[in-house]
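Sequential numbering of the sequence shown, starting at 4, is according to the numbering used here. Where is the CB? At the ideal position from N, CA and C, for every residue including glycine.
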Amino acid sequence: MDKSYEMDMCSGPVLGKILIFSIPLMLSGILQLLFNAADVIVVGRYAGSQSLAAVGSTTALINLLINIFIGLSVGVNVLVAQYYGAKRDKDVSETVHTAVALSLVSGLLLVFLGVFASRPLLELMGTPEDVIDKSSIYMKIFFIGMPVNMLYNFGSAILRAVGDTRRPLYFLTASGIINVLLNLFFVINLNMDVAGVALATVISQAISAGLVVICLMKNEGSLKLQLKNLKINRTKFRRIVKVGLPAGMQGAIFSISNVLIQSSVNSFGSIAMAGNTAAQNIEGFVYAAMNAVYQTNLSFTSQNFGGRKYGRINRIMLVCVAVVSVVGFALGIGAYAMGNAFLGIYSSDPQVLAYGLRRLAIIGVPYFICGIMDTLVGSIRGLGYSILPMCVSLAGACGFRVIWIFTIFQWSRSLTTLYLSYPVSWTITALCHAVCFCLIRKKLPKENW
């Protein structure tokens with residue numbers, strides 16, 4: 004690989020390198036979200052509110068099903084970064100081949116799960132009759148593309164571990180443009196409705212995955228992918244699972260609470276669902292920018308931990324928390340201030356806009372708290388701890404929200420009450436993660452503490 008794409012995270016100014024690393028990552032996350040946003044905008048504009056609600060109602064459920072496997076890519080990122088920081092090339096190579104093989108196995112498992120379990124799970128969520136058929140079609144086609152989805156996520160995790168956040172951005176730019184063009188063609192010209200936007204997403208993901216694979220195969224260093232060496236190394240697999248499985252479980256835990264909340268939103272009807280979907284997509288762009296800082300913190304902390312540069316770990320955490328706070332607050336306020344204009348992209352129905360604006364006010368404005376929470380988790384995972392943040396999230400986010408839904412929401416059944424569970428749970432969980440980081444950091448050498 005061209006060394007100009009790599010980054011030594013174990014020396015030099017922290018803030019400058021974090022910004023150089025995170026900005027392409029933010030843009031990549033936003034482009035990846037455009038896949039789903041393009042789906043939602045096209046169906047909302049050209050297929051109607053029912054199709055908009057159908058696509059949106061699947062988001063929480065899709066995340067629930069794939070988050071465990073996406074979590075394994077976190078384990079890949081941590082492991083490659085630690086070995087790279089410690090200059091253990093053979094271990095890097097074995098991890099790369101294990102990760103690619105694991106991504107394909109994970110993708111095939113998700114094809115089976117998504118195709119056969121989508122409709123029963125949608126019924127369990129209480130998806131309305133006027134929406135469920137389209138929701139089921141969208142999910143089945145979307146999950147057929149899971150092998151390439153997983154391949155891209157695992158491959159880009161490998162590149163991020165060594166500081167390469169630019170080429171994944173280039174790949175997503177190309178596939179994102181193709182996705183938008185195919186959306187318009189399938190829905191407007193071929194009248195394929197939700198099936199068209201799902202198919203466009205799968206094709207574009209296949210393109211981005213192919214580009215990542217080509218990038219790894221052309222590498223001349225420890226990241227070089229050779230198909231003849233593609234196998235799962237048991238030792239590396241266990242280490243990936245040790246970090247990645249709890250991370251995936253944490254993602255699934257959050258998704259379980261989100262599925263419960265989506266089920267509660269469903270009880271307010273398809274117009275409320277459409278407004279919730281539109282606002283959720285706008286918030287997704289804010290989250291993508293903040294999640295880039297989490298990914299940055301994860302890679303930087305992992306490399307410095309592997310390279311035994313313990314004195315930089317505290318600065319990395321503090322800088323990342325400061326960056327994510329500024330980014331999250333600015334974008335959250337901006338999303339609410341421009342709410343009517345942004346929501347109008349998804350739908351022209353005044354009721355849909357009103358429902359969407361309510362969600363942006365309650366969840367979008369304080370969204371930076373969620374960014375702080377995730378960034379603290381990045382520090383903890385980068386130090387090799389993954390079960391602890393999972394347990395904290397289980398109690399602080401999922402557990403709290405479930406209790407909220409069955410108590411406070413039942414006493415005051417309104418969308419406002421429902422949405423308030425998010426900022427309250429973020430605050431509690433972030434404080435717990437901060438305490439955990441301090442306790443873990445004290446166990447390491449106190450260089451530059």
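Burial state of Cys218 is buried, judged by a 10 Å Cβ sphere holding 16 or more other Cβ atoms. With the rule of 3 Cβ pairs closer than 8 Å, the region 61 to 81 does not count as touching the region 203 to 221. No residue range can be given for Gly272, since it is assigned to no alpha helix (DSSP H) and is classified by DSSP as neither H nor E. Judged by their CB atoms, Gln298 and Gly381 are nearer to each other than the 9 Å cut-off.
Under the three-pair Cβ rule at 8 Å, the region 246 to 262 counts as touching the region 389 to 398.
By the Cβ-count criterion, Glu286 is buried, with 16 or more other Cβ atoms from all chains shown falling within 10 Å of its own Cβ.
A residue is called buried when at least 16 other Cβ atoms come within 10 angstroms of its Cβ; Arg311 does not meet this threshold and is exposed. Boundaries of the alpha helix (DSSP H) around Tyr87: 62 to 88. Judged by DSSP secondary structure, Arg311 falls outside any alpha helix (DSSP H); it is assigned neither H nor E. Val246 sits in a helix when the DSSP states are folded into three classes. Classified as buried, Val296 has 16 or more neighbouring CB atoms from the shown chains inside 10 Å of its CB.
Around the C-beta of Ile406, fewer than 16 other C-beta atoms lie within 10 Å, and the residue is accordingly described as exposed. Non-local C-beta neighbours of Asp133 in its own chain, meaning closer than 7 Å and more than five positions away in sequence, comprise Gln53, Ser273, ordered along the chain.
With fewer than 16 neighbouring CB atoms inside 10 Å of its own CB, Cys441 falls in the exposed class.
The region 398 to 418 and the region 253 to 273 touch, with three or more beta-carbon pairs separated by less than 8 Å. Buried is the label assigned to Phe345, since at least 16 other Cβ atoms lie within 10 Å of its Cβ. Met320 is not a Cβ neighbour of Tyr370, given a cutoff of 9 Å.
Taking the Cα positions, Lys143 is about 18 Å away from Pro131. Leu447: not part of any alpha helix (DSSP H); DSSP gives it neither H nor E. When C-alpha distances from Pro171 are compared across Gly51, Pro27, Ala338, Tyr86, the shortest belongs to Pro27. Per the coordinates, the alpha-carbon of Leu363 lies some 9 Å from the alpha-carbon of Ile336. One Cα belongs to Phe271, the other to Phe240, and the distance between them is close to 44 Å.
Relative to the Cα of His100, the nearest Cα in the group Gln229, Ala120, Lys90 belongs to Gln229. At a cut-off of 4 residues, the continuous stretches assigned as alpha helix (DSSP H) that sit fully inside the region 124 to 206 are 132 to 147, 149 to 164, 169 to 187. The three-state secondary structure of Lys93, taken from DSSP, is helix. Excluding residues up to 5 positions away in sequence, Tyr155, Phe174, Leu175, Ser178 lie with their Cβ nearer than 6 Å to the Cβ of Ser211 in the same chain.
At a Cβ-Cβ threshold of 9 Å, Leu111 and Met149 count as neighbours. Straight-line measurement puts the Cα of Met12 at about 17 Å from the Cα of Ser159. Counting only the Cα atoms, Lys245 lies some 27 Å from Met220. By the criterion of a C-beta distance shorter than 6 Å, Ile21 is surrounded in its chain by Thr299, Val322, once the five residues flanking it on both sides are discounted.
With respect to the C-alpha of Val324, the residue from Gly309, Val200, Cys373, Gln354 having the closest C-alpha is Cys373. With contacts defined by Cβ atoms closer than 9 Å, Ser267 and Phe412 form a contacting pair. Between the alpha carbons of Val81 and Asp136 lies a gap of roughly 40 Å.
Collapsing the DSSP output to three states places Leu214 in a helix.
Shown here for Leu214: same chain residues with a beta carbon closer than 6 Å to its own, the five before and five after excluded, namely Phe174 in chain order. Taking 8 Å as the upper bound for CB-CB distance, Val58 and Val46 are in contact here, some 6 Å apart.
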